[in-house]
Amino acid sequence: DEQNSVLVLVLVVLLFMEHRTDEFMVEQPSGNRDRGFCESPGRCKCHEGWEGNRCDTCKRHPGCLHGTCLQPWQCNCKEGWGGLYCDQGGSERAGRSGLPAPHGVSPPSCLQDLLNGYSCACPQGFYGTDCQISAMRCADGPCFNGGTCQECRDLGSRLVCRCRPGFTGPLCETNIDDCASNPCLNAGTCTDGVGGFSCTCTLGFSGKDCSVRSSPRRTLVTRCVSPSASACRH
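The sequence shown lines up with residues -23 to -1, 1 to 211 when you count with mature numbering (1 follows the signal peptide of the UniProt record, and there is no 0).
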């Protein structure tokens, strides 16, 4: 009867789906079962770090521009590119840390290294993969933007820069973008400053963050008692 026909059809569909799932798993390249599992034919639930219909594509390091990966979160640069995010072209590379050179110190010179990606010749007073670790003294004036230098004995006399409000970074080299959180409301335009911001509000709004709805201006209309009279009544 019709009910039995529907039941048979459902069983056939389920068996077909199970077959396709097994077939899909068999077709996967070796090791892919450790990267995800099948919820249904053509639908694969990938483990963290993997993506694609068969979970065979690794996710690159966030921000990787001109690079590829063999394992998750890598950024292996294509020929002609270097840097942490493979965003620096040419044979000569700039330091990956992006830190400016302290006062009176030349920036690090970094070259592409086919074995390790790149290598840097650090200026005097710095060391580390990206020349990001300072061995300088506070007397050398390493802090930018009015930052205060402090030598910490418990860190092996490593210096620490205490930044003024509005600046951040190991050397206080970065101006904090106070507009990053979009503080201006009601389509106001934000202008970043040092330790603050200002908003240019759209018509009808005012206040520091354009949150105050302005009252419409009233036009004062006067009416004279008589055209020839000099005194007018409001």
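Even glycine gets a Cβ: it sits at the ideal position worked out from N, Cα and C.
For clarity, every value in this text was computed on a predicted model and none was experimentally measured.
Tell me whether Leu148 is buried or exposed, calling it buried when 16 or more other Cβ atoms sit within 10 Å of its Cβ.
If you number the sequence shown from 1, residue 148 lands on position 171. By the 10 Å Cβ count, Leu148 comes out buried.
Of the listed residues Trp27, Arg31, Glu28 and Phe174, nearest to Ile153 (C-alpha basis):
By 1-based counting over the sequence shown, the position of residue 153 is 176. Ranking Trp27, Arg31, Glu28 and Phe174 by Cα distance to Ile153 puts Phe174 first.
To which residues of the same chain is Lys55 closer than 8 angstroms at the C-beta, ignoring the five residues directly before and after it?
As a working note, residue 55 is residue 78 in the sequence shown. The residues are His43, Gly44, Thr45 and Cys63.
Span of the beta strand (DSSP E), counted from its first residue to its last, around Thr168:
Taking the sequence shown and counting its residues from 1, the one referred to as residue 168 is at position 191. Here the beta strand (DSSP E) through Thr168 covers Thr166 to Asp169.
Going by beta carbon distance, what residues of the same chain come within less than 8 angstroms of His24, once the five residues before and after it are set aside?
Within the sequence shown, the letter at position 47 stands for residue 24. Asp11, Arg12, Gly13 and Cys32.
Rounded to a whole number of angstroms, what is the C-alpha to C-alpha distance between Cys161 and Leu136?
Walking along the sequence shown from the start, residue 161 turns up at place 184. Walking along the sequence shown from the start, residue 136 turns up at place 159. Between Cys161 and Leu136, the C-alpha separation is close to 37 angstroms.
Under a Cβ-count criterion, where at least 16 other Cβ atoms within 10 Å of its own Cβ denotes burial, should Glu150 be classed as buried or exposed?
One-based indexing of the sequence shown puts residue 150 at position 173. Buried, because 16 or more other Cβ atoms sit within 10 Å of the Cβ of Glu150.
Beta carbon of Gly172, beta carbon of Gly143: below 8 angstroms?
Locating residue 172 in the sequence shown gives position 195, where the first residue counts as 1. Locating residue 143 in the sequence shown gives position 166, where the first residue counts as 1. Closer than 8 angstroms, so yes.
Status (buried if at least 16 other CB within 10 Å, exposed otherwise) for Gln65:
Here residue 65 refers to the residue found at position 88 when the sequence shown is read from its first residue. Here Gln65 is buried, its C-beta having at least 16 other C-beta atoms within 10 Å.
Beta-carbon contacts of Phe182 that lie in its chain and below 8 angstroms, excluding the five residues immediately before and after:
Working through the sequence shown from its first residue, we reach residue 182 at position 205. Taken in chain order, the residues that qualify are Leu162, Asn163, Gly165, Ser188, Val189, Arg190 and Ser191.
Beta-bridge pairing of Gln48 - partner residues as DSSP gives them:
For the purposes of this step, residue 48 is identified with residue 71 of the sequence shown, where counting begins at 1. DSSP lists no partner for Gln48.
On a CA-only basis, which of Cys129, Glu16 and Cys52 is nearest Arg114? Give me that one, please.
One-based indexing of the sequence shown puts residue 114 at position 137. Among Cys129, Glu16 and Cys52, the Cα nearest to that of Arg114 is on Cys129.
Shortest alpha-carbon distance to Gly170 belongs to which of Cys156, Asp186, Thr177 and Cys120?
The residue labelled residue 170 in the question sits at position 193 within the sequence shown. Comparing Cα-Cα distances from Gly170 to each of Cys156, Asp186, Thr177 and Cys120, the minimum goes to Cys156.
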